[in-house]
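Trainee: With the numbering used here applied, the sequence shown closes on residue 127, and no number is skipped along the way.
Idealized CB from N, CA, C, for every residue including glycine.
These figures come from a predicted structure and were not determined experimentally.
I'd like to ask you about the structure that follows.
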Amino acid sequence: MSNFWDFMWLIASAFLFVGYLLILFRIIADLFNDSDLGGGSKALWLICLLFVPMLTALVYVITRGKGMAARQRASYEQSRSEAESYIRQVAGKSPAEQIADAKALLDAGTINPEEFAKLKAKALA
3 MSNFWDFMWL IASAFLFVGY LLILFRIIAD LFNDSDLGGG SKALWLICLL
53 FVPMLTALVY VITRGKGMAA RQRASYEQSR SEAESYIRQV AGKSPAEQIA
103 DAKALLDAGT INPEEFAKLK AKALA
């Protein structure tokens, strides 16, 4: 590194290379996640990515960009709904069951009416 501009060129080229790698990995992940695309088409895209990487990445993003976003959004929504379902399953009790348990504690004298009201509000929230 003989001067400042060589250093700046190194930083810029490293930034562009990392950006390209991120796009490349996103394209490869999208190829394997797309169930509508056939195996031959996937293989063709991968071969083109190996031999003409920059041009193929640009063409892929231009031609299939909207589909990439839609597939990513659908995958996100599916994983989110699965996570919420799992949390509900693990959490167990419904708000009505939580209120009934709190009422049983109130009737037994374990908690006072203020605590019951707090538990009821928390269950309904």
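(1) I want to know whether the segment 30-37 touches the segment 55-75 - three or more CB-CB distances under 8 Å.
(2) Expressed to the nearest angstrom, what Euclidean distance is found between the alpha-carbon atoms of residue 48 and residue 30?
(3) Does DSSP put residue 96 in a helix, in a strand, or in coil?
(4) For residue 96, tell me which candidate among 124, 83, 77 has the shortest Cα-Cα distance.
(5) Residues in its own chain within less than 6 Å of residue 62 by CB, not counting five upstream and five downstream?
(6) Check whether the Cβ atoms of residue 80 and residue 32 sit closer than 9 Å, and answer yes or no.
(7) Taking the continuous alpha helix (DSSP H) assigned at residue 20, which residues delimit it?
(8) Does DSSP classify residue 2 as helix, strand or coil?
(9) Only counting the same chain, and skipping five residues up and downstream in sequence, which positions put a Cβ closer than 6 Å to that of residue 21?
(10) Pull up the distance between the alpha-carbon of residue 127 and that of residue 98, whole angstroms please.
Mentor: Reading from the atomic positions:
(1) yes
(2) 8 Å
(3) coil
(4) 124
(5) 29
(6) no
(7) 6-35
(8) Summary: the structure shown does not reach residue 2, with the chain confined to residues 3 through 127, and so no result is reported for it.
(9) none
(10) 12 Å
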